[in-house]
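Read through the structure below, which is laid out as structure tokens, and then see the notes.
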Amino acid sequence: MNAYTLIDGKAAAARVLVQVRKDVDSLREQDIQPALAVILVGCDPASQVYVRNKILRAEEVGIRSVEHRLSPDTSTAQLLNLIATLNADRSINGILLQLPLPAHMDELRALEAIAPDKDVDGFHSQNVGGLSQGRTVLAPCTPSGCLYLLEQTCGDLRGKHAVVIGRSNIVGKPMAALLLKADCSVTVLHSRSRDAQALCRQADIVIAAVGRPRLINASWLKPGAVVIDVGINRIDDAGRSRLVGDVDFDSALPHVAAITPVPGGVGPMTIAFLMKNTVTAALAQHQAQRSQSEAPCHSIY
Ligand code: GUN
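Heads up: the sequence shown at position 4 corresponds to 8 in my numbering, and the numbers run straight through without jumps.
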């Protein structure tokens, strides 16, 4: 039988959170209390679960969380007002706007309204641009978590051929940017790609983020590939509802060197990196405030 590694996202996330907890403790010793504002508009059931988990995890690591639940008929202007208030509030270090927003709202405008230094999701164009230039910025949480799992599993990523399936702003595009920064050769496949299967079969690393249940089976994979499955799809399986990824796990397993399960793979990493980004943001804001207050005062006379 083929020997494969099951990549344990829960254990990896727990390791990241232990370090986050230590960082929060050391910030508190300097009288800095990291705080995260979480905004949920409407009552999408999956979003409600995600937000609850984010708030629980924040409490566990000592990050103060402030929840803002807005009704489904909230206007974009009302949301922008709340974001402006949170931007101006020095006690808030990170702002998370849970997506998707209700269809009538202007999602892009809302994301652009979040102060870039509080944008713990890394979705503001300033952070997106910085990431694409290879600068160290607040990077999106799910791709950051995937990269961490890859580094833990493969060690050196330099020169490896990574195929990212999916080109969303949340996962596919930032994932490609992070892999490029790690010196991988990167191919991005999407719904209009020709010969997607044949291209994917050349990959040392496959990141599946398409949102199509069990699309990627053994015929897409080179023997010995490392597979990260970002998909979380709820399906009806013989009358029972269950979660599956974008990868057909049972079909892929005999072909891979390593693979993430769903659930228990990438999911816990997203929240762990949200906590990490919140601490990074808190530290950066306090350093910026300190250097402002220490700057010499120049008299104009
Ligand atoms: N909805 C699905 N994934 C995400 C995410 O990573 N961040 C936010 N804000 N909303 C999401």
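For glycine and all other residues, C-beta sits at the position ideal for the given N, C-alpha and C.
query                                                                                                                                                                   : result
Terminal residues of the continuous alpha helix (DSSP H) containing Ala-186?                                                                                            : Taken as a continuous stretch (DSSP letters only), Ala-186 belongs to no alpha helix (DSSP H), as it is neither H nor E.
I'd like the ranges of any beta strand (DSSP E) spanning at least 3 consecutive residues and lying wholly in the stretch 212-263.                                       : 229-233, 237-241, 244-248 and 260-263
What do you get for Asp-123, buried or exposed, if any count of 16 or more other CB atoms within 10 angstroms of its CB means buried?                                   : buried
Evaluate Met-5 with the Cβ neighbour count: other Cβ atoms within 10 Å of its Cβ, from every protein chain shown; 16 or more gives buried, anything less gives exposed. : Here the model assigns Met-5 a pLDDT of 47, short of 50, so the residue's position is not dependable, and the following value carries that caveat. That one is exposed.
Using the Cα positions of Glu-63 and Trp-224, report the straight-line distance between them to the nearest angstrom.                                                   : 41 Å
Taking any heavy atom of the ligand GUN as the mark, which residues have a C-beta closer than 6 Å to it, listed down the chain?                                         : Leu-100, Leu-101, Gln-102, Leu-103, Asp-125, Cys-145, Thr-146, Ile-174 and Thr-274
Kindly indicate the opening and closing residues of the beta strand (DSSP E) around Arg-68.                                                                             : 68-74
Indicate whether the contact test is met: 3 or more Cβ pairs, each with one atom in the stretch 283-296 and one in the stretch 74-90, closer than 8 Å.                  : no
Express the C-alpha separation of Leu-44 and Asp-101 in angstroms, rounding to a whole number.                                                                          : Note that residue 101 is Leu in the sequence shown, not Asp. Near 6 Å, if we compare the C-alpha coordinates of Leu-44 and Leu-101.
Hey, would you say Val-270 sits closer than 9 Å to Gly-149, going by beta carbons?                                                                                      : yes
What residue does the beta strand (DSSP E) around Leu-44 start on, and which one ends it?                                                                               : 39-45
On the DSSP bridge assignment, give the partners of Gly-98 in chain order.                                                                                              : Leu-40
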